[in-house]
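Colleague: One structure is given below, represented as structure tokens, and several questions about it will come after.
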Amino acid sequence: MRRAAALAGALLLAAAPARAESVAPYAIVGDAIPMPLAGAKGDAKRGQAIVGDRQVGLCLLCHPGPFANERAQGTIGPDLRGAGARWSEGQLRLRLVDSQKVNPETIMPPFHRTQGLSRVAGAFRGRPILDAQQIEDAVTYLQTLTD
Amino acid sequence: MTVLGSRILAGLFGVALAPLAELRAGEIPFAELRSGSELMSPDTRAMQDADSANPGMLWVIEGEALWNAKAGAANLACADCHGAAELAMRGVAARHPAFDAKRNQAVNLAGSIEWCRVERQKAPALTAEGPEALALEAYVARQSRGLSIASTDAALRPLIESGRELYLRRQGQLDLSCAHCHTENWGRKLAGLALSQGHPNGYPLYRLEWQSFGSLERRLRNCLTGMRAEPYPAGASEYLALEAYLKWRAHGMPMESPAVRP
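Same order as they appear, the protein sequences are chains F and W.
The numbering of the first sequence is this note's numbering, which starts it at 1 and goes up by one.
The numbering of the second sequence is this note's numbering, which starts it at 148 and goes up by one.
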């Protein structure tokens, strides 16, 4: 019984490669990742929900941003307003995927990396904070923040 | 820091923990140390300062009763050997973790109390972080309120160094170190809440969010969970090492236990 369940679980994983469990390969050019992760197409509306949710995107733990209803915003990182004007799509993507590639000392978490981490809590082990589709959604949303 | 201040500190540490500069590299200068209580609302601050409003005093009162109660096969109270806690325990919390030369190991305050209970009272160990252990720790720590943290024992140096290493190490899914929040970003807001410098001077304390009294170890487990890191097992040596480093880092700060925190 248990083996059958485990097998079904494994099959489900295999059938859904873009799920949170996997990390998409990418190429860095300069300080950017020019190509979308896993060829996914981002959706600004979903991206807004991800960035605005402190449990999912975590962004507002550290950043202020254009979320009038969210009173508990952070002041550790810069305001997200204008990020789409300051950075290109590819630059935003690299900063979300792994900010340490730009600033090795940064406090900003690597949202799409599972290697090189230590003592990750059980529930989160082997999974990136955001999957490829979520990264693309967030990048697409950030590009709309031009002022 | 004043020249005099740094001379006094150099005098204190010169022998014990040289080279001081190396161990404190990148850390908050002594003159800029700020207690977590300085970031609290006036209401919470007032609650901490007035014994009649401070919920932690319930644990202190319970601890006083335990201090005077005979226990174990030796049928001795803490007071039978130590006398009045106000004298015997004055400053004891401020200098823990301490190095116990007889056992050749470092102990925190809970560990020192536990040793007396088991070896000297011949009583069964109290549940770690249980209500009675916390009450005794609260009562003993209370006798250091207002006294400066004194982390000057050279024998603790290796423990302090390993605690520093843990403090600076990135951990968990968020890949953060303690220093990222408490050394580099204190005073800034994490989700609307001002980050403190992460000092141990108020523990054990009453936390409104817990609606309960708790240990430093419990606070550290909360921080590790926030980093999405696996908390160390209860009572693990990593907590003692972190505590020793935090106390050293906070050297000179007044003790506030039983403090109140949001």
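For every residue, glycine included, the Cβ atom is placed at its ideal position computed from N, Cα and C.
Note that the structure is predicted; figures quoted are calculated from it, not measured.
Just the Cα atoms here: how many angstroms apart are V254 of chain W and E266 of chain W?
Modeller: Position 107 of the second sequence holds residue 254 of chain W. Position 119 of the second sequence holds residue 266 of chain W. So the two alpha carbons sit approximately 15 Å from each other.
Colleague: Report, in whole angstroms, the separation of the C-beta atoms of A32 of chain F and L96 of chain F, which I expect to be a contact under 8 Å.
Modeller: To locate residue 32 of chain F, count along the first sequence from 1; it is residue 32. To locate residue 96 of chain F, count along the first sequence from 1; it is residue 96. No, A32 of chain F and L96 of chain F are not in contact; Cβ-Cβ is about 11 Å, not under 8 Å.
Colleague: Measure the alpha-carbon distance for K45 of chain F versus L130 of chain F and round it to whole angstroms.
Modeller: What you label residue 45 of chain F is simply residue 45 of the first sequence in a count that begins at 1. What you label residue 130 of chain F is simply residue 130 of the first sequence in a count that begins at 1. Spanning the two alpha carbons is a distance of roughly 16 Å.
Colleague: At a Cβ threshold of 9 Å, is N332 of chain W touching chain F?
Modeller: Sequence index remark: in the second sequence, residue 332 of chain W carries index 185 (1-based). Taking Cβ atoms only, chain F reaches closer than 9 Å to N332 of chain W, which makes this a yes.
Colleague: Along the chain, where does the alpha helix (DSSP H) containing L363 of chain W start, and where does it finish?
Modeller: Walking along the second sequence from the start, residue 363 of chain W turns up at place 216. Unbroken alpha helix (DSSP H) run through L363 of chain W: 363–373.
Colleague: Give the DSSP-derived three-state secondary structure of S22 of chain F in the structure shown.
Modeller: As a first step, residue 22 of chain F is located in the first sequence; it is residue number 22 there, counting from the start. Of the three classes helix, strand and coil, the one that applies to S22 of chain F here is coil, per DSSP.
Colleague: How far does the beta strand (DSSP E) with Q252 of chain W in it extend, from its first residue to its last?
Modeller: Taking the first residue of the second sequence as 1, we reach residue 252 of chain W at position 105. Its beta strand (DSSP E) spans residues 252–254.
Colleague: Hey, is the region 397–406 of chain W in contact with the region 176–191 of chain W, meaning 3+ C-beta pairs nearer than 8 Å?
Modeller: Flag = yes, the region 397–406 of chain W and the region 176–191 of chain W touch.
Colleague: Of all Cβ atoms in chain W, is any one closer than 9 Å to the Cβ of S22 of chain F?
Modeller: Counting from 1 along the first sequence, the entry for residue 22 of chain F is found at position 22. It does not; no Cβ of chain W falls within 9 Å.
Colleague: What did DSSP end up calling Q344 of chain W once you bin it into helix, strand or coil?
Modeller: The residue given as residue 344 of chain W occupies position 197 in the second sequence. Here Q344 of chain W sits in coil by DSSP.
Colleague: For A302 of chain W, tell me which candidate among W:I260, W:P351, W:Q252 has the shortest Cα-Cα distance.
Modeller: Indexing the second sequence from 1 puts residue 302 of chain W at position 155. When only C-alpha atoms are compared, the closest one is W:Q252.
Colleague: Please confirm whether Q73 of chain F has its beta-carbon closer than 9 Å to some beta-carbon of chain W.
Modeller: The residue you call residue 73 of chain F lines up with position 73 of the first sequence. Yes, Q73 of chain F counts as interfacial toward chain W.
Colleague: Only counting the same chain, and skipping five residues up and downstream in sequence, which positions put a Cβ closer than 7 Å to that of R317 of chain W?
Modeller: Within the second sequence, residue 317 of chain W is the residue found at index 170, counting from 1. Only L323, S324 meet the Cβ criterion.
Colleague: My understanding is that G52 of chain F touches E70 of chain F, with C-beta atoms under 8 Å, so please give their C-beta distance in whole angstroms.
Modeller: The residue labelled residue 52 of chain F in the question sits at position 52 within the first sequence. The residue labelled residue 70 of chain F in the question sits at position 70 within the first sequence. At roughly 6 Å, the Cβ-Cβ gap stays under 8 Å, so G52 of chain F and E70 of chain F are in contact.
Colleague: Can you tell me whether K394 of chain W is helix, strand or coil according to DSSP?
Modeller: Position 247 of the second sequence, counted from the start, is the residue given in the question as residue 394 of chain W. It is helical.
Colleague: Using three-state DSSP, classify L213 of chain W as helix, strand or coil.
Modeller: As a first step, residue 213 of chain W is located in the second sequence; it is residue number 66 there, counting from the start. Residue state, collapsed to three classes: helix.
Colleague: Reducing DSSP to helix, strand and coil, say where D247 of chain W ends up.
Modeller: The sequence position of residue 247 of chain W within the second sequence is 100, counting from 1. Residue state, collapsed to three classes: strand.
Colleague: Give the DSSP-derived three-state secondary structure of V56 of chain F in the structure shown.
Modeller: Numbered from 1 along the first sequence, position 56 holds the residue referred to as residue 56 of chain F. It is coil, neither helix nor strand.
Colleague: What are the uninterrupted segments assigned as alpha helix (DSSP H) that are 4 or more residues long and contained completely in the region 50–111 of chain F, given in chain order?
Modeller: Counting only runs of 4 or more, we get 59–62, 83–86, 89–98.
Colleague: Does the CB of L96 of chain F have a neighbour CB from chain W at under 9 Å?
Modeller: Position 96 of the first sequence, counted from the first residue, corresponds to residue 96 of chain F. Chain W contact via Cβ: absent.
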